[in-house]
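Number of protein chains: 2
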Amino acid sequence: MAVTIVHVAEQAGVSPSTVSRVISNDSRISQKTSRKVRKVMDELGYHPNMLAKSLVTNTTHNIGIVLPRPADELFQNQFFSEIIRGMVAKAASIHYDILMTTGSNAEEELKAVERLVRGRNVDGIILLASHKDDVNISFLREEKFPFVLVGRSEDFSDITSVDNDNIAASQAITRHLISLGHRRIAFVSGPFDLTVSKDRLDGFSKALLEAGIPFDRDYVYESAFTPESAAQITKHILSLATRPTAIITTDDVMAFSIIRTLWNNGLRVPEECSVVGFNNTSLAQMCLPQISSVDIGTYQMGQSAVQALVQRIKGEGFEQARIIIPHQLIWRDSVQVPAE
Amino acid sequence: MAVTIVHVAEQAGVSPSTVSRVISNDSRISQKTSRKVRKVMDELGYHPNMLAKSLVTNTTHNIGIVLPRPADELFQNQFFSEIIRGMVAKAASIHYDILMTTGSNAEEELKAVERLVRGRNVDGIILLASHKDDVNISFLREEKFPFVLVGRSEDFSDITSVDNDNIAASQAITRHLISLGHRRIAFVSGPFDLTVSKDRLDGFSKALLEAGIPFDRDYVYESAFTPESAAQITKHILSLATRPTAIITTDDVMAFSIIRTLWNNGLRVPEECSVVGFNNTSLAQMCLPQISSVDIGTYQMGQSAVQALVQRIKGEGFEQARIIIPHQLIWRDSVQVPAE
DNA sequence: ATTATTTGTGCAAAGGTTTGCATAAACTAA
DNA sequence: TTAGTTTATGCAAACCTTTGCACAAATAAT
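Chains as they are written, first to last, in this note's numbering: chain B, 1 to 340; chain C, 1 to 340.
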């Protein structure tokens, strides 16, 4: 069996409590004792058992993150790997680890959360991709368990969350396109049940409104975050009597697929149709033409999320309800003034 | 304080051991008692404390995964998110969670592994991106701690690992290019210290050898897994007196960057230069021209790694040392017969 | 009716820490 | 010296389970 704190204690001729205090740098321990104990710890190759420690302190230094349900699909999106990258980096720097779990459906997902929370496996939880009536949120609130949401909750306004101002971002894009002279602008949204989709659509329609352009439902589409889905919608757009001169999407992957589909059908981008993406993934600047997009500070969102969560866990600092990561419009080759 | 097993026991008029046995479906418990206890558990909203359980069973149901050191850089690569996706999916399906950690340098990385292992935070570990003299491997071997390696170890042959036959894959690509008529083929490799890079280069040179084409060191380059690095190398290639007619790379991102750089300098792909990638990320089929690549079953590797690890943990099944995931060459638009 | 067997449950130890409180030792002040 | 402080350490309880072993009750066999 592994060497425990009592072995060290015996060997050093002190009590386990003293060893424990040495480990935690308790000020009451004398220099001499501390040195002596540390020496023994080294000799014996002692390493504290975190489980035992966790059990008594009720603290694990683990942050749970629940991958969105159709993890399979969403993870393909660079957005997710990017945000997780930010989380892991930040967590590691403050000595936390990231515990990832997922469920293949809503029920399993909640079960997983329950398991983590009530099994005391994590100190806090980060929720990704919020939608309306998220049962996880209700559960966590009820349990008064520390958590932060990436995105915005439609149901509760007092939840610590990390988000962009998606409405403003989307509005700004649309404004810019309008200022270029575009009047017929299509909007290819991600799944409507996602709050982020709603917000972006919201910003879009606001910009139209303020410019006095009628909001045309036929120019609004719902797509999955997949190339296939976007391609299909694009084909439909191509079949329209009066085509839009610009298309705004909710993610670079969709933007890319749209561009490709247009291209394959003989429509040049941006000459015959402008396209703008979202999230500013590396894809946006890699492809040809480079895609105009919105940098939403994905990596930073990940970092901020764990930072905010840890603050909540420790009960320190202000419990700022909403942290807004600034966005930035990146204009690239996929946009220009309309042809006609 | 949360409700514990003894509360349940008291309420149900049995002993804690009985409750524990009910939970684990011990066959010795009578139907009647079981029902009674379960009812009380429900009423009280009891949920076992996993930490306590872990402490006594010495089992956590967590799998540790150590992100490669420059996690920042590598994670950008779709390969990583894809393989992790496979791991999480598989792990969730067999009721394991994934605990991710990382370190910003080799020393920190080892420290993180030590912490996980000796702190008994995980039941096993998956190592990514193996290179020569990996201290993590030595440590884990010494500790006799269950782990599997994604990739191949140059130092030890008896390590359970999940890998492709990179030599064969690379060789097959090269052969095919040769059969198309290419004679001057450049090889843009990932970092040389990675085993996977060595293997792919190895397959490349083997194919040249068997075709009687001299191996030209000036046609072999070392690149980081970044577009910038690949672009720089491409510029150098463009400056060569006799340019290659085809370029093989070790990853799609690099392939993409190469194509773009060639294009920007007036060289058409595949007409004037063929390019082939590796890993068959979604990028490969999304971009224009679509990139010929090698599907190495990344997602499946993630799944297999978890499966193999859990088998090792449970000590069941054969401890097959090396699991080889089959690869598949995907020929797309970026390759054709050489111009001259 | 007695013994042997099966079935269901409880006792108590073990797992490795942390920490409030008590105490011993050393020092300071009178 | 005596009392009062400070400093350094130890004791033992608590955290919540699991599990080997013992035991009692019920059933079966003689």
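Even glycine gets a Cβ: it sits at the ideal position worked out from N, Cα and C.
Keep in mind that this is a model prediction, so the values were computed, not measured.
Buried or exposed for B:Ile-126, please, with buried defined as at least 16 other CB atoms from any protein chain shown within 10 angstroms of its CB.
buried
C:Gly-315 versus C:Thr-160, C:Val-269, C:His-7, residue with shortest Cα-Cα distance
C:Thr-160
Taking DSSP as the reference, what is the three-state secondary structure of C:Ser-30?
coil
So if DSSP puts B:Leu-127 in a beta bridge, which residue, or which two residues, is it bridged to?
B:Val-66, B:Leu-149
Could you work out which residues of chain B lie near C:Met-286, taking near to mean beta carbons separated by less than 8 Å?
Pro-227, Val-253, Phe-256, Ser-257, Arg-260, Leu-283, Cys-287
Going by beta carbon distance, what residues of the same chain come within less than 7 Å of C:Val-162, once the five residues before and after it are set aside?
Val-148, Val-150, Met-301, Ser-304, Ala-305, Ala-308, Ile-323, Ile-325
According to DSSP, is B:Ile-258 part of a helix, a strand, or is it coil?
helix
Continuous beta strand (DSSP E) stretch holding C:Leu-329: start and end
328-330
Starting from C:Gly-103, find everything on chain B with Cβ-Cβ shorter than 8 Å and list it in chain order.
Ala-92
Is C:Asp-97 near B:Thr-101, with beta carbons less than 7 Å apart?
yes
Collapsed DSSP secondary structure at C:Leu-309 in the structure displayed
helix
Determine the DSSP secondary structure at C:Phe-187, reduced to helix, strand or coil.
strand
So, are the CB atoms of C:Gly-182 and C:Pro-68 less than 7 Å apart?
It should be noted that the sequence gives His, not Gly, for residue 182 of chain C. Not a contact, by the Cβ cut-off of 7 Å.
Would you be able to state if there are at least three C-beta pairs under 8 Å between the stretch 256-271 of chain C and the stretch 189-204 of chain C?
no
Three-pair Cβ contact test at 8 Å for the stretch 281-301 of chain B versus the stretch 204-218 of chain B:
no
Determine the closest residue to C:Ser-179 out of C:Asn-280, C:Ile-5, C:Gln-336, C:Asp-26, with distance taken between C-alpha atoms.
C:Gln-336
Which same chain residues, not among the five before or five after B:Ser-54, have their C-beta less than 7 Å away from its C-beta?
Thr-60
Whole-angstrom Cβ separation of C:Asp-251 and C:Gly-203, contact assumed at under 8 Å?
With 8 Å as the limit, C:Asp-251 and C:Gly-203 do not qualify as a contact, their Cβ atoms being about 15 Å apart.
Going along the chain, which residues of its own chain have a beta-carbon closer than 7 Å to the beta-carbon of B:Ile-6, five neighbours each way excluded?
According to the sequence as given, residue 6 of chain B is Val; it is not Ile. Hits under 7 Å: Pro-16.
Helix, strand or coil, according to DSSP, for C:Val-113 in the structure here?
helix
Taking one C-beta from the stretch 18-28 of chain B and one from the stretch 36-44 of chain B each time, how about it: are there three or more such pairs within less than 8 Å?
yes
With burial defined as no fewer than 16 other Cβ atoms inside 10 Å of the residue's Cβ, what is the status of B:Thr-242: buried or exposed?
exposed
Tell me which same chain residues have a C-beta within less than 7 Å of the C-beta of C:Arg-217, skipping the five on either side of it?
none
So for C:Leu-240, helix, strand or coil by DSSP?
coil
Since I believe C:Leu-238 is in contact with C:Asn-280 (beta carbons under 8 Å), could you give me their beta-carbon distance rounded to a whole number of angstroms?
With 8 Å as the limit, C:Asn-280 and C:Leu-238 do not qualify as a contact, their Cβ atoms being about 26 Å apart.
Listed by chain order, chain B residues near C:Asp-295 by CB distance under 8 Å
Those do not exist, as C:Asp-295 stays about 15 Å from chain B at its closest Cβ, beyond 8 Å.
Nearest to C:Ala-2 (by Cα), restricted to the options C:His-47, C:Gln-31, C:Lys-32
C:His-47
Alpha-carbon to alpha-carbon, B:His-236 and B:Pro-270:
19 Å
Cβ of C:Leu-51 within 7 Å of any chain B Cβ:
yes
On the criterion of 16 or more Cβ atoms from any shown chain inside 10 Å, does B:Arg-28 qualify as buried, or is it exposed?
exposed
Cutoff 7 Å: B:Ala-86 Cβ touching any chain C Cβ
Checking the displayed sequence, the identity of residue 86 of chain B turns out to be Gly instead of Ala. With 7 Å as the cut-off, B:Gly-86 does not count as an interface residue toward chain C.
So if DSSP puts B:Asp-295 in a beta bridge, which residue, or which two residues, is it bridged to?
B:Gln-328
Helix, strand or coil: which one does DSSP assign to C:Arg-118?
helix
When DSSP builds the beta bridges, which residues end up paired with B:Asn-164?
B:Ile-325
Residues that DSSP places opposite B:Val-342 in a beta bridge
In the structure displayed, chain B extends from 1 to 340; residue 342 of chain B sits before or after that span and is not available.
On the DSSP letters alone, give me the boundaries of the beta strand (DSSP E) that B:Thr-57 sits inside.
No beta strand (DSSP E) holds B:Thr-57; the alpha helix (DSSP H) holding it covers 50-57.
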